[in-house]
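Per mature numbering (1 follows the signal peptide of the UniProt record, and there is no 0), the sequence shown runs over residues -21 to -1, 1 to 164. Note that the Cβ used here is the ideal one computed from N, Cα and C, for glycine as well. One structure below.
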Amino acid sequence: MAKLFSFLSLLTLSFCCLVTAFEPSPLQDFCVADPASSVRINGLTCKNHVLVEANDFYYGGLNLPGNKTTQSGTRVTSVNVAQIPGLNTLGISMARIDYIPGGVNPPHIHPRATEILVVVEGSLHVGFVTSNPENRLISRVIHMGDVFVFPVGLVHFQRNVGYRNAVALLALSSQNPGLISIENA
């Protein structure tokens, strides 16, 4: 009987550990960022829900090419919680990258997000470097309609290998993915 009691106790304890390992569900439908608030606790505080409007969930402009005059030949148009306050607490953001021929989005890291990129126009050489001890380059050329994933926290890059401009759209698994540029390190 003692063995059965011990087994059931252990089983119950194991189940409790599994249940508490999951992320809790949101307590509200949304939490539109209130940029006027000075409180910063793992993101932004919520705007009063009565003041929330459609524009808090909207951004216009990803259809427009960016200015390609940067030194690296790319222009990144970010769409994160700073542009769409309704992204607050939702854990996603996106961007458009325009590349001139030979343009490079130099090696960089997003410490808080995985990135998934789709080529809308042109062809890109894309890749990332695995962590120690291998430090292996995983790369390939992708074309219009192709998708490539960059795992969270790994150094990655994109380069336009075509003779015309290229465009990519990407999504990130964080409202604030962070950016660490390696090119100037």
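Between the C-alpha atoms of residue 133 and residue 95 there is a straight-line separation of about 13 Å.
Three or more Cβ pairs drawn from the stretch 68 to 77 and the stretch 146 to 159 lie within less than 8 Å of each other, which places the two stretches in contact. Residue 87 places its beta carbon 8 Å or farther from that of residue 107. Under DSSP, residue 74 shares a beta bridge with 57 and 149. Under the three-state reduction of DSSP, residue 12 is assigned to strand. Runs of the beta strand (DSSP E) lying entirely within the stretch 101 to 135, each at least 3 residues long, are 102 to 108, 116 to 122 and 126 to 129 in chain order.
Contact check for residue 11 and residue 65: beta-carbon distance about 5 Å, within the 8 Å limit, so the pair qualifies.
Between residue 26 and residue 8, the gap from beta carbon to beta carbon reaches 8 Å or more. When beta bridges are read from the DSSP output, residue 94 appears opposite 129 and 151.
Sequence-distant partners of residue 122 (beyond 5 residues in either direction) whose C-beta falls short of 7 Å from its own C-beta, in its chain, are 98 and 102.
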